[in-house]
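Report on the following structure.
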Amino acid sequence: MNRSQLVQQIRSKQNYLCVGLDTDITKIPKHLLDSADPVFEFNKAIIDATKNNCVSYKINTAFYESQGMKGWESMEKTLYYIPDTHFKIADAKRGDIGNTSAQYAKTFFEVLPFDAVTIAPYMGEDSVRPFLEYENKWSIVLGLTSNAGGNDFQQLLVSSQLQEQSMVPNILQGKTEKRLYEKVLEKVASWGTPENLMFVVGATRASDLENIRSIIPEHFLLVPGVGAQGGSLEEVSKFGMNSDCGLLVNASRAVIFASSGTDFAAKASIVSEEYRNEMSTYLK
């Protein structure tokens, strides 16, 4: 799915909700556990209940990989069940040396028909480049995450040499300081375009969104952390939205585990509709 198609889906459906299929088999309603494939049956019901209220689904591959071969089968069946009108994300957080990344890209863009995959950029451009070479596919690079450990590195101040020393005060001549995540955003943005690059920005970092938009004004942002993690949809929309919307706001547990009973799908529908209705007010 290319950018114009994604924007069209957002405009026509009046929302930018991404439902996260972080399907933990230990949390699936008990009445599904006797089925041949409980994970797929759960996902199928969630998709049926939420597809009219969202534009995207994000499959967190860890919850499927941990189940071995059967988990991969559940993931593949889920992927093919998602309507073609919806943007499909593999939340796999890959990123390795070039020839290994090329195999990861083949996995998620050829063998499995995802539209996008999340990537950790720590190993640099050659670890991201193989993903960027696929037409109408997206690399979603970790930018600023909402977990507590993100502060270990992402908020560190790093110095950079200034090329025009005469333009800055003497005390700053020769170097300037930026947060590490700011450097990551600037550098990674130069590897691709707003047509094939998105960035992950945690919703609990809404106070940083205005600054992030000054660095990458045109790129889409995948924003987890709304819902169970306490992020504010209003703040994310206020500070993160651009002229094309530019947001995919992910909600996982708040939607898919809204109920643990036989009414789980109905409750997921209600919660996703609430998100959709609120999002529609910010799009107008």
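With positions in the sequence shown counted from 1, the corresponding number in our numbering is that position plus 29. Heads up, the beta-carbon is just placed ideally off N, CA and C, and yes, glycines get one too.
**Report entry** N44 to G97 span [Cα, whole Å]
**Finding:** Against the sequence shown, residue 44 aligns to sequence position 15. Against the sequence shown, residue 97 aligns to sequence position 68. So the two alpha carbons sit approximately 35 Å from each other.
Query raised in the report: How is E206 classed by DSSP in three states: helix, strand or coil?
Result: Residue numbering aside, residue 206 sits at position 177 when the sequence shown is read from its first letter. The answer is strand: DSSP assigns E206 an E or B state.
Query raised in the report: From A6 to G100, what distance separates their C-alpha atoms?
Result: Shown here, the chain extends from 30 to 313; a query on residue 6 therefore has no answer.
Query - Nearest residue (CA-CA) to E206, options G221, V187 and A218 - result: Position 177 of the sequence shown, counted from the first residue, corresponds to residue 206. Of G221, V187 and A218, the residue nearest in Cα terms is V187.
**Report entry** Whole-angstrom C-beta distance between V265 and E226, which should lie under 8 Å
**Finding:** Position 197 of the sequence shown, counted from the first residue, corresponds to residue 226. Position 236 of the sequence shown, counted from the first residue, corresponds to residue 265. Glu is not the amino acid found at residue 226; the sequence shown has Leu there. Not a contact, Cβ separation roughly 19 Å.
Query raised in the report: Looking at C-alpha atoms only, which residue of V230, T79 and V36 is the closest neighbour of Y110?
Result: For the purposes of this step, residue 110 is taken as residue 81 along the sequence shown, with counting starting at 1. It is T79 whose Cα lies nearest to the Cα of Y110.
Query raised in the report: Which class does F137 belong to by DSSP, given the choice of helix, strand or coil?
Result: The sequence position of residue 137 within the sequence shown is 108, counting from 1. The answer is helix: DSSP assigns F137 an H, G or I state.
Query raised in the report: Are P246 and G231 close, meaning C-beta to C-beta below 8 Å?
Result: Position 217 of the sequence shown, counted from the first residue, corresponds to residue 246. Position 202 of the sequence shown, counted from the first residue, corresponds to residue 231. No, the pair does not count as a contact, with Cβ atoms beyond the cut-off.
**Report entry** Nearest to R40 (by Cα), restricted to the options K73, N82 and F71
**Finding:** If you number the sequence shown from 1, residue 40 lands on position 11. It is N82.
Requested in this report: Using a threshold of 8 Å, state whether the C-beta atoms of L161 and G221 are closer than that.
Outcome: Position 132 of the sequence shown, counting from 1, holds the residue named residue 161. Position 192 of the sequence shown, counting from 1, holds the residue named residue 221. Contact: yes.
Query raised in the report: Looking at the structure shown, is T147 part of a helix, part of a strand, or coil, going by DSSP?
Result: For the purposes of this step, residue 147 is identified with residue 118 of the sequence shown, where counting begins at 1. T147 falls in the strand class under three-state DSSP.
**Report entry** Validate contact between the stretch 171 to 179 and the stretch 137 to 145 using beta carbons, cut 8 Å, 3 pairs
**Finding:** no
Report task. In angstroms with no decimal places, state the Cα-to-Cα distance between N316 and D63. Result -> Outside the displayed span of the chain (30 to 313) sits residue 316, for which this structure offers no information.
Report task. Please report how far the alpha carbon of G49 lies from the alpha carbon of T90, in whole angstroms. Result -> Translated into positions along the sequence shown, residue 49 becomes position 20. Translated into positions along the sequence shown, residue 90 becomes position 61. Near 11 Å, if we compare the C-alpha coordinates of T90 and G49.
Query raised in the report: For D51, which residues of its own chain have a beta-carbon under 6 Å away from its beta-carbon, when the five flanking residues on both sides are left out?
Result: Along the sequence shown, read from residue 1 onward, the residue named residue 51 stands at position 22. N89, F92 and S281.
Query - Proximity to Q184 [Cα-Cα], best of I241, P159, P223 and S156 - result: Within the sequence shown, residue 184 is the residue found at index 155, counting from 1. Closest option to Q184, Cα to Cα, is I241.
Requested in this report: Would you kindly check if the distance between the Cβ of E224 and the Cβ of I244 is under 8 Å?
Outcome: As a position in the sequence shown, residue 244 is number 215, starting the count at 1. As a position in the sequence shown, residue 224 is number 195, starting the count at 1. Not closer than 8 Å, so no.
Requested in this report: Using alpha carbons as the reference points, say which of T129, W167, R158 and P159 lies closest to T147.
Outcome: As a working mapping, residue 147 is identified with position 118 in the sequence shown. Ranking the options by Cα distance to T147, first place goes to W167.
**Report entry** Exposure label - M308; buried when at least 16 CB within 10 Å
**Finding:** Residue numbering aside, residue 308 sits at position 279 when the sequence shown is read from its first letter. Buried: at least 16 other Cβ atoms inside 10 Å.
Query raised in the report: What are the complete alpha helix (DSSP H) segments, minimum 4 residues, inside the stretch 206 to 262?
Result: 209 to 218 and 238 to 244
Query - Residue closest to I126, alpha-carbon to alpha-carbon, out of K59, V157, H248 and A145 - result: The residue labelled residue 126 in the question sits at position 97 within the sequence shown. Of K59, V157, H248 and A145, the residue nearest in Cα terms is V157.
Requested in this report: Just mark H60 as buried or exposed, buried being the case when its beta carbon has 16 or more other beta carbons within 10 Å.
Outcome: By one-based count along the sequence shown, residue 60 stands at place 31. The residue is exposed, with fewer than 16 neighbouring Cβ atoms inside 10 Å.
Query raised in the report: Going by Cα to Cα distance, which pick from D66, A218, F268 and N72 is closest to T233?
Result: The residue you call residue 233 lines up with position 204 of the sequence shown. Answer by Cα proximity: F268.
Query raised in the report: What residue from L250, I118, F293 and A218 has the CA that sits closest to P58's CA?
Result: Position 29 of the sequence shown, counting from 1, holds the residue named residue 58. Measuring from the Cα of P58, the nearest candidate turns out to be F293.
Query raised in the report: Excluding sequence positions up to five away, which residues of its chain have a Cβ less than 7 Å from the Cβ of L201?
Result: As a first step, residue 201 must be located in the sequence shown, where it is residue number 172. The predicted position of L201 is uncertain, since its pLDDT is 48 and thus under 50; no value can be drawn from it.
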